[in-house]
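A short worksheet on the structure shown next.
Residue numbers (this note's numbering): 3 to 173.
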């Protein structure tokens with residue numbers, strides 16, 4: 003299948019929004035797994051802050067610690083019931099033929115920390131960073147991949163989302 007990175011991000015984000023089985027699987031890989039069954043994705047709230055079709059896409063912010071503007075490919079905020087505690091997943095998607103830009107991987111955690119408890123980002127109080135990529139990408143960029151809290155492979159994602167199976171190079 004010949005899909006762009008953005009198309010794969012959209013398929014992934016829509017599945018988290020629309021499919022309980024996929025959302026629960028994703029959250030089971032995080033430190034928030036204990037709250038997964040009582041969690042709600044705040045996609046409508048994200049849309050109200052940034053009205054656009056792709057509520058999850060390219061959330062930019064200036065990170066003072068880095069003195070740079072940086073973006074997150076897929077940004078998702080969840081609310082756990084009954085505590086109403088909010089947490090976010092910051093997901094970087096990399097196709098097999100891509101590479102990290104200079105400082106990109108190391109910027110994920112500082113950016114995520116900077117976004118904590120900020121109403122512009124739905125005042126979430128915790129986060130995890132995720133690298134979504136083929137296992138071959140992780141192997142090639144092992145040191146940078148290790149800077150993310152979680153690695154999720156295209157291969158395991160393809161069990162739920164066939165579009166991630168055997169993806170070919172596309173920009």
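C-beta atoms are modelled at their ideal positions from N, C-alpha and C, and glycine is treated no differently.
As the structure is a prediction and not an experimental result, all values here were calculated from the model.
When DSSP builds the beta bridges, which residues end up paired with residue i?
i: residue 52; result: Partner(s): none; residue 52 has no beta bridge.
i: residue 92; result: 77, 131
i: residue 82; result: 41
i: residue 155; result: 135
i: residue 59; result: 76
Which residues in the same chain as residue i place their Cβ atom closer than 7 Å to its Cβ, once the five residues preceding and following it in sequence are excluded?
i: residue 13; result: 163, 165
i: residue 77; result: 58, 61, 90, 92
i: residue 130; result: 32, 33, 91, 151, 152
i: residue 35; result: 29
i: residue 52; result: none
Roughly how many whole angstroms lie between the Cα atoms of residue i and residue j?
i: residue 132; j: residue 22; result: 19 Å
i: residue 7; j: residue 124; result: 26 Å
i: residue 174; j: residue 50; result: As shown, the chain starts at 3 and ends at 173. That puts residue 174 outside it, with no answer to give.
i: residue 170; j: residue 99; result: Bear in mind that the predicted position of residue 170 carries a pLDDT of just 47, short of 50, making it too unreliable to give a figure here.
i: residue 85; j: residue 24; result: 23 Å
i: residue 104; j: residue 19; result: 31 Å
i: residue 157; j: residue 167; result: 6 Å
i: residue 261; j: residue 42; result: Since the first residue of the chain shown is 3 and the last is 173, residue 261 is not available in this structure.
i: residue 159; j: residue 119; result: 30 Å
i: residue 28; j: residue 17; result: 10 Å
i: residue 40; j: residue 144; result: 34 Å
i: residue 75; j: residue 83; result: 26 Å
i: residue 116; j: residue 110; result: 10 Å
Among the residues of its own chain, which have a CB less than 8 Å from the CB of residue i, if the five just before and after it don't count?
i: residue 87; result: 37, 81, 127, 128
Please return the same chain residues whose Cβ sits closer than 6 Å to the Cβ of residue i, not counting the five positions on each side in sequence.
i: residue 48; result: 57
i: residue 26; result: 38
i: residue 155; result: 137
i: residue 45; result: 19, 57
i: residue 107; result: 146, 149
With 16 as the cutoff for other CB atoms within 10 Å, does residue i come out buried or exposed?
i: residue 4; result: exposed
i: residue 121; result: exposed
i: residue 161; result: exposed
i: residue 141; result: exposed
i: residue 15; result: buried
i: residue 95; result: buried
i: residue 113; result: buried
Nearest chain B C-beta to residue i closer than 9 Å, yes or no?
i: residue 78; result: Absent from the structure is chain B; it holds one protein chain and no more.
Under the criterion of a Cβ to heavy atom distance below 8 Å, does residue i qualify as lining the ligand PLP?
i: residue 125; result: The ligand PLP is absent from the structure shown, which contains no ligand whatsoever.
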